[in-house]
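Asks: The sequence shown begins at 934 in our numbering and counts up one residue at a time. Backbone N, C-alpha and C fix where the C-beta goes; we use that ideal spot for every residue, glycine too. Quick one: the structure is below, questions incoming.
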Amino acid sequence: FMFARDITTAQASYQNLKGDVTDALVTLETELNKEIAAKGDQEKSDDATATFEHIKEDAPVTRIVATILRYAVDGDASDIHIEPSEKKVLVRFRVDGVLETSLELPKNVQMAVSARIKILSSMRLDERRKPQDGRFSATFDGRKIDFRVSILPTNYGENIVMRILDNEKGVTDLEGIGISGHILTVIRRMLNEPFGIILISGPTGSGKSTTLYAMLAEMDKKTKNVLSLEDPVEYNIEGVSQSQVHPEIGYTFANGLRSALRQDPDIIMVGEIRDKETAQLAIQAALTGHLVLSTIHTNNSIGVIPRLINMGVDPYLIAPTLKLALAQRLARRIKTGTGREEPINKAMELMMEDDFKTLPAKYHDRIPAGRTILHPEPSPGNATGLKGRIAVMEILEVSEPIQNLILKNASEEEIYNVARLHGFMSMKEDAIIKALDHIIPYEEMTVFGSKVGMDDIEDEESIPVNNSPQNVDIDAIIKNDENTNS
């Protein structure tokens, strides 16, 4: 969901970005004009690549890229998009899940910017017909930031997306990512189980990996051997042996899981269960006394059960091993200490009554007593009144009644009806609670329909990354270039 004023206020957040990049563009244009003027028409035509090779390391281009990276990091962006069109290059930042148009670059710098990013990411400069993936690190104010880079050829040039991974922020615990109340209690109890499987479901970008990392952060790593299989390793966690799979050379999640089981583990985190082989190995690991954490693509938490069955896992194996199924999406949260409070209207009240009417009365203490919500209000340095995102969740605890239904191969509706009697709450209901607790705006609940879930969820593709990423000092680049031009 996107507020109408987001588009109009996004530009204001990056006014200095435009000014800094414009300075570099003026310098670059002057140098390009000198370069072109020094060549004859024939030489210019035959040696266009030479000019390109010359400018790819020029200070103005380096400064443009460094400035874009700097403002993205300072603006708490999660991704940078550099998108070529027929006459310009659009730079967009994804902040709190929303893509914001931040800058337009002239078309003539497109190849130079692309080349600079390829150099940083150790990609092939001459390859413009195939997608490429890479990685590099940069230093901002002494902080090391990783960038995971994907380049995709398009009809107007190479589309570049950079995922920002801030290792300095570290991995927080479950409370740190906004999980609280009943859900927090259940998750922590399940993490203390000696064996079994905990599965997290949700679409790409719903925070599944963040939740997995938060779970690992709460593990007792002093007395237990914790291993993880990831694609790729995004954050380093002290006390966890993290291994990155490489499907292109045959090191898959399934093969990695076989090897991990020979490492005497207590807890294994598998980045994703994508196929029958991985699912069966995860079940086998749980049956032999290991706690397995992983993700899976389903519409909701209850859908995890039929998904495993459809993969070829027998119900009699799922019932004793699956401990918890969790589904989540992300909602934008109101900046702490801001917002305009107002009572909910009659329509909201009726909607809430309709959603909670089937929840047994003994579980109504989970619903906040207050009946007010907050509307985000702009504040100095924040034009939207929103800051960060929080997971909206539903959890299915696989109790004995649910186990019996799994053994009977019951439908999702049958499982839901029994789970509801034991206090199951949907993602929409969790969103309502977070709105009444003044954590998210009421409008964010429009993300969650009456039947929570997504009709079509695409599998996340593995993203191979360069194992020897470069590390550049962004502050030094900008400072040195300014000294050169002064």
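Give every residue of the same chain whose Cβ lies closer than 7 Å to the Cβ of Asp1288, excluding the five residues on either side of it in the sequence, and list them in chain order.
Replies: Translated into positions along the sequence shown, residue 1288 becomes position 355. If we look at Asp1288 and ignore the five residues flanking it on each side, its Cβ neighbours are Lys1361, Glu1362, Ile1365.
Asks: Given a cut-off of 8 Å, decide if Ile1251 and Val1119 are closer than it, judged by their beta-carbon atoms.
Replies: Sequence index remark: in the sequence shown, residue 1119 carries index 186 (1-based). Sequence index remark: in the sequence shown, residue 1251 carries index 318 (1-based). Not closer than 8 Å, so no.
Asks: Would you mind sorting Pro1309 into buried or exposed? The rule is 16 or more other CB atoms within 10 Å of its CB.
Replies: The sequence position of residue 1309 within the sequence shown is 376, counting from 1. By the 10 Å Cβ count, Pro1309 comes out buried.
Asks: Which whole-angstrom value describes the C-beta separation of Ile1084 and Val1046, a residue pair presumed to lie in contact below a C-beta threshold of 8 Å?
Replies: Mapped onto the sequence shown, residue 1084 falls at position 151. Mapped onto the sequence shown, residue 1046 falls at position 113. Rounded, the Cβ-Cβ distance is 11 Å, inconsistent with contact.
Asks: Give the straight-line distance between the Cα atoms of Asn1169 and Gln1175, rounded to the nearest whole angstrom.
Replies: One-based indexing of the sequence shown puts residue 1169 at position 236. One-based indexing of the sequence shown puts residue 1175 at position 242. Taking the straight line from one Cα to the other gives about 8 Å.
Asks: Where does the unbroken alpha helix (DSSP H) through His1297 begin, and where does it stop?
Replies: Translated into positions along the sequence shown, residue 1297 becomes position 364. Note, His1297: premise wrong, no alpha helix (DSSP H); not H, not E.
Asks: Do Leu1224 and Phe1357 have their beta-carbon atoms positioned less than 8 Å apart in this structure?
Replies: As a working mapping, residue 1357 is identified with position 424 in the sequence shown. As a working mapping, residue 1224 is identified with position 291 in the sequence shown. Not closer than 8 Å, so no.
Asks: Run the CB neighbour count on Ala1232, radius 10 Å, all protein chains shown included, and call it buried at 16 or more, exposed below.
Replies: As a working mapping, residue 1232 is identified with position 299 in the sequence shown. Looking at the sequence provided, one finds Asn at residue 1232 rather than Ala. Burial call: buried.
Asks: Give me the DSSP bridge partner(s) of Arg996.
Replies: Walking along the sequence shown from the start, residue 996 turns up at place 63. The partner list for Arg996 (beta bridge, DSSP) is empty, contrary to what the question assumes.
Asks: Out of Gly1138, Gly1183, Thr1317, Asp1106, which one is the CA nearest neighbour of Ala1147?
Replies: Here residue 1147 refers to the residue found at position 214 when the sequence shown is read from its first residue. Ranking the options by Cα distance to Ala1147, first place goes to Asp1106.
Asks: How many whole angstroms separate the CB atoms of Gly1321 and Arg1273, which I take to be in contact at a CB cut-off of 8 Å?
Replies: If you number the sequence shown from 1, residue 1321 lands on position 388. If you number the sequence shown from 1, residue 1273 lands on position 340. Between Arg1273 and Gly1321 the Cβ distance is about 19 Å, and since that is not below 8 Å, they are no contact.
Asks: Where does Ile940 sit, in a helix, a strand or coil, going by DSSP?
Replies: Against the sequence shown, residue 940 aligns to sequence position 7. With a pLDDT of 34 at Ile940, under the threshold of 50, the modelled position of this residue cannot be trusted; read the value that follows with caution. Helix at Ile940.
Asks: Using only the alpha-carbon positions, how far apart do Lys1279 and Met1285 sit?
Replies: The count along the sequence shown starts at 1 and reaches residue 1279 at position 346. The count along the sequence shown starts at 1 and reaches residue 1285 at position 352. Approximately 10 Å between the Cα atoms of the pair.
Asks: What would DSSP say about Pro1136, mapped onto helix, strand or coil?
Replies: One-based indexing of the sequence shown puts residue 1136 at position 203. If DSSP states are grouped into helix, strand and coil, Pro1136 belongs with coil.
Asks: Please report how far the alpha carbon of Arg1304 lies from the alpha carbon of Ser1035, in whole angstroms.
Replies: Translated into the one-based positions of the sequence shown, residue 1304 becomes position 371. Translated into the one-based positions of the sequence shown, residue 1035 becomes position 102. In a straight line, the C-alpha of Arg1304 is about 38 Å away from that of Ser1035.
Asks: Nearest to Ala1316 by alpha carbon, out of Phe1069, Arg1191, Gln1177, Glu1033?
Replies: The residue you call residue 1316 lines up with position 383 of the sequence shown. It is Glu1033 whose Cα lies nearest to the Cα of Ala1316.
Asks: Assign Glu1126 to one of three DSSP states: helix, strand, or coil.
Replies: On the sequence shown, residue 1126 is found 193 positions in, with the first residue counted as 1. Three-state result, Glu1126: coil.
Asks: Taking buried to mean at least 16 other C-beta atoms within 10 Å of its own C-beta, is Ile1182 buried or exposed?
Replies: The residue you call residue 1182 lines up with position 249 of the sequence shown. When all chains shown are included, Ile1182 counts as exposed.
Asks: Given this structure, state the Cα-to-Cα distance separating Leu1255 from Glu1377, to the nearest angstrom.
Replies: Residue mapping note: residue 1255 aligns to position 322 of the sequence shown, counting from 1. Residue mapping note: residue 1377 aligns to position 444 of the sequence shown, counting from 1. A straight-line Cα-Cα distance of about 31 Å links Leu1255 and Glu1377.
Asks: DSSP beta-bridge partners for Asp1066?
Replies: As a first step, residue 1066 must be located in the sequence shown, where it is residue number 133. Paired residues: Ser1083.
Asks: Determine the direct distance from the alpha carbon of Ser1359 to that of Pro1276, and round the result to whole angstroms.
Replies: Against the sequence shown, residue 1276 aligns to sequence position 343. Against the sequence shown, residue 1359 aligns to sequence position 426. For Pro1276 and Ser1359, the distance between alpha carbons rounds to 23 Å.
Asks: DSSP three-state label for Glu1362, please.
Replies: Taking the sequence shown and counting its residues from 1, the one referred to as residue 1362 is at position 429. Helix, per DSSP.
Asks: Can you confirm whether the stretch 1201-1212 touches the stretch 1235-1254 when touching is taken to mean that 3 or more C-beta pairs between the two stretches lie within less than 8 Å?
Replies: Taking a cut-off of 8 Å for Cβ pairs, the stretch 1235-1254 and the stretch 1201-1212 touch, as three or more such pairs fall below it.
Asks: Taking Phe1026 as part of the beta strand (DSSP E), name the residues at either end of that continuous run.
Replies: Numbered from its first residue, the sequence shown carries residue 1026 at position 93. Element bounds for Phe1026: 1021-1028.
Asks: Using 8 Å as the threshold, is the C-beta distance between Leu1307 and Lys1268 below it?
Replies: Sequence index remark: in the sequence shown, residue 1307 carries index 374 (1-based). Sequence index remark: in the sequence shown, residue 1268 carries index 335 (1-based). Cβ distance not < 8 Å, so Leu1307 and Lys1268 don't count as in contact.
Asks: Using only the alpha-carbon positions, how far apart do Ala981 and Leu1002 sit?
Replies: Taking the first residue of the sequence shown as 1, we reach residue 981 at position 48. Taking the first residue of the sequence shown as 1, we reach residue 1002 at position 69. Only weak support exists for where Ala981 lies, its pLDDT of 39 falling under 50; the coordinates are left without a value.
Asks: Note the first and the last residue of the continuous beta strand (DSSP E) segment covering Asp1099.
Replies: Here residue 1099 refers to the residue found at position 166 when the sequence shown is read from its first residue. Run containing Asp1099: 1090-1099, per the beta strand (DSSP E) assignment.
Asks: CB Leu1259 to CB Met1326, shorter than 8 Å?
Replies: Here residue 1259 refers to the residue found at position 326 when the sequence shown is read from its first residue. Here residue 1326 refers to the residue found at position 393 when the sequence shown is read from its first residue. Closer than 8 Å, so yes.
Asks: Over what stretch of residues does the alpha helix (DSSP H) that includes Ser1192 continue unbroken?
Replies: In the sequence shown, residue 1192 corresponds to position 259, counting from 1. Run containing Ser1192: 1186-1193, per the alpha helix (DSSP H) assignment.
Asks: On the DSSP letters alone, give me the boundaries of the alpha helix (DSSP H) that Glu1275 sits inside.
Replies: On the sequence shown, position 342 is the one that residue 1275 refers to. No alpha helix (DSSP H) holds Glu1275; the beta strand (DSSP E) holding it covers 1273-1276.
Asks: What three-state label does DSSP hand Ala1368 in the structure shown?
Replies: The residue given as residue 1368 occupies position 435 in the sequence shown. In the structure shown, Ala1368 sits in a helix (DSSP, three-state: H, G or I).
Asks: In three-state terms, what does DSSP make of Glu1181?
Replies: Indexing the sequence shown from 1 puts residue 1181 at position 248. Glu1181: helix per DSSP, three-state reduction.
Asks: Going along the chain, which residues of its own chain have a beta-carbon closer than 7 Å to the beta-carbon of Ile1348, five neighbours each way excluded?
Replies: Numbered from its first residue, the sequence shown carries residue 1348 at position 415. Ile1235, Ile1238, Ile1335, Leu1338, listed in sequence order.
Asks: For Thr1087, does the count of other Cβ atoms within 10 angstroms reach 16, so buried, or fall short, so exposed?
Replies: Numbered from 1 along the sequence shown, position 154 holds the residue referred to as residue 1087. Exposed, because fewer than 16 other Cβ atoms sit within 10 Å of the Cβ of Thr1087.
Asks: What did DSSP end up calling Lys1051 once you bin it into helix, strand or coil?
Replies: For the purposes of this step, residue 1051 is taken as the residue at position 118 of the sequence shown. It is helical.
Asks: Quick check: the Cα distance between Thr1221 and Ser1142, rounded to an integer number of angstroms?
Replies: The residue you call residue 1221 lines up with position 288 of the sequence shown. The residue you call residue 1142 lines up with position 209 of the sequence shown. Looking at the two C-alpha atoms, the distance is approximately 25 Å.
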